[in-house]
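In the numbering used here, the protein residues as written are -6 to 353.
First up is the structure itself, then whatever we jot down about it.
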Amino acid sequence: MLKLPGLIDLHVHFREPGATHKEDWDTGTSAALAGGFTMVLAMPNTQPPIFDAETLDLALNAAKRKARCDYGQYVGAGPDNADVVAALADKAAALKMYLDMTFGELRLDDMILWMPHFQKYPKEYPIVVHSESRSMAAAILFAAIYDRPVHIAHISLREEVLLIKAAKEKGIKVTCEVCPHHLFLTQPSPSGRGQGEGEKPRIDGRFEVRPRLATQKDMDALWENLDVIDCFATDHAPHTLEEKDSDNPPPGFPGLETALPLLFTAVEGGRLTIEALIQRMHTNPKRIFSLPDQPETWIEVDENASYEIKASEQFTRCGWTPFEGWKVKGKVRKVVLRGKTAFEDGKIMVQPGYGENIRK
Ligand SMILES: [Zn+2]
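Okay, here's the thing in structure tokens:
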């Protein structure tokens, strides 16, 4: 049995408030524990989004009642809430900015709206940006101009990892994360699904995710530049199968229960070391986000267990995984969180409400 520190996932979507038929703080944190995560940071694009004191309380109250592992909640940057979110910084995981989205309360239509957030959000916490390709380059320029830490969420492209490498060499305060699905899946060829007379072939809804699955060349570049990648984060973004198989499939994959076995299998295959895995799933997230210690906390992984990933054995409410049937090695047997066994042999052992807010 391999003993590892409790894993930290910087990037999860728990859908509460607003869409608890997909996931909530109870099922989401159960999935986290089953996946070996003892701490998760939840994104703010819920319904309503978390972007002021009232909505932050709404999310934190739900988490307080229902979370089974430790947690933090991001606040979201909107067009006119820079002072409000900066004042909430000590209660929030960090600030999330959606630079490539143009809808809802978290829209940031132009760079004028980015400026006050970069000026005002306290520099002891990073600003996390969803920014792809050229908008990522703009975010890095903002990090340099305002001389403050910026963390780039879910990079997926060769050009992105190479630009971050160059920015780090210049001393710009930029860090980044990669999701397991961008390390193990490439864009599928258009399937025949939905292909009728005069209809365009389309990509199966189950493969819809943002950033999109990239090419083999992009995926190879991520593996070749692992030293540039600070963190692995799941971007756990559950939607039901009915939604994924609909005519308008929402983007996103569940990921909490597949991340460790996929990455551990890469360790077994010699593509990654266990030390590099611990750095990216515990040490670096903790340092970059100034996260607290979790005393008497560890996980035990059976490194010899070989098995197939099955959605039917998962705790996430969404009921599916893009990795169904994948053969993996390494199974989480036990999770001890703050002195208490929280998960053992497929069973959650702690009640809703056991989880603690990581920002007091
Ligand atoms: Zn996300």
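Don't be surprised by glycine CBs; every beta carbon is placed ideally from N, CA and C.
C-alpha distance - residue i paired with residue j, whole-angstrom precision
i	j	result
LYS333	ALA214	41 Å
TRP216	ALA252	16 Å
GLU(-4)	ILE292	Contrary to the premise, residue -4 reads as Lys rather than Glu in this sequence. Roughly 6 Å between the two C-alpha positions.
TYR118	SER283	7 Å
THR39	GLU268	34 Å
THR13	GLU125	28 Å
ALA207	THR276	28 Å
ILE148	VAL329	31 Å
LYS57	THR20	14 Å
LEU101	ALA70	8 Å
PRO288	PRO181	43 Å
GLY348	ASN54	12 Å
GLY191	ASP240	Summary for GLY191: the model assigns pLDDT 49, below 50, so the residue's position carries little reliability; its value from the coordinates is reported in the next sentence. Cα to Cα, GLY191 sits roughly 16 Å from ASP240.
ALA131	GLN272	27 Å
ILE281	GLY198	34 Å
PRO(-2)	LYS324	15 Å
PRO115	GLU170	21 Å
ALA335	MET342	5 Å
ARG326	GLY29	9 Å
ILE351	ARG127	33 Å
GLY185	LEU106	Reliability of the predicted coordinates at GLY185 is poor, the pLDDT of 43 falling under 50, and no value is obtained from them.
LEU49	ARG264	40 Å
GLN379	ALA259	Nothing can be reported for residue 379, as the shown portion of the chain is limited to -6 through 353.
PRO42	VAL33	18 Å
HIS4	THR233	19 Å
PHE308	PRO231	12 Å
Option nearest residue i by Cα separation, candidates the options
i	options	result
CYS172	GLY248, ASN277, VAL294	GLY248
GLU16	GLY245, ILE267, GLU289, ILE271	GLY245
PRO109	PRO72, ASP102, ARG8	PRO72
VAL121	THR168, LEU134, ALA80	THR168
TYR300	ALA82, LYS320, ASN350	LYS320
LEU256	PRO42, LYS237, GLU296, GLY21	GLU296
ALA35	ILE271, ILE165, HIS6	HIS6
ASP338	GLU289, GLN272, GLY346, ALA298	ALA298
PRO278	ILE43, HIS144, ALA46	HIS144
LEU219	THR179, LYS158, ASP197	LYS158
ALA359	GLN209, GLU170, GLY65, ARG8	The chain is shown only over -6 to 353; residue 359 falls outside these bounds and no answer can be derived.
LYS353	ASP83, ASP2, ARG127	ASP83
LYS163	THR179, ARG203, ALA136, ASP286	ALA136
ILE165	GLU201, GLY346, TYR139, ARG8	TYR139
PHE225	PHE111, HIS175, LEU92, TRP313	HIS175
Local Cβ density within 10 Å of residue i, reported as buried at 16 or more and exposed below that
i	result
LYS193	Unreliable positioning characterises LYS193 in this predicted model, as indicated by a pLDDT of 49, which lies under 50. The coordinate reading is nonetheless provided below. LYS193 should be labelled exposed.
ASN74	buried
LYS340	exposed
ALA46	exposed
GLY262	exposed
THR227	buried
LYS210	exposed
ASP103	exposed
ARG310	buried
Three or more C-beta pairs below 8 Å linking the stretch 61 to 80 and the stretch 21 to 38: Contact check between the stretch 61 to 80 and the stretch 21 to 38: three or more CB pairs, one atom from each, fall below 8 Å, which counts as touching.
Ligand 1 site residues, beta-carbon cut 6 Å against heavy atoms: Taken from the N-terminal end onward, the list reads HIS4, HIS6, MET36, ASP228, ALA230.
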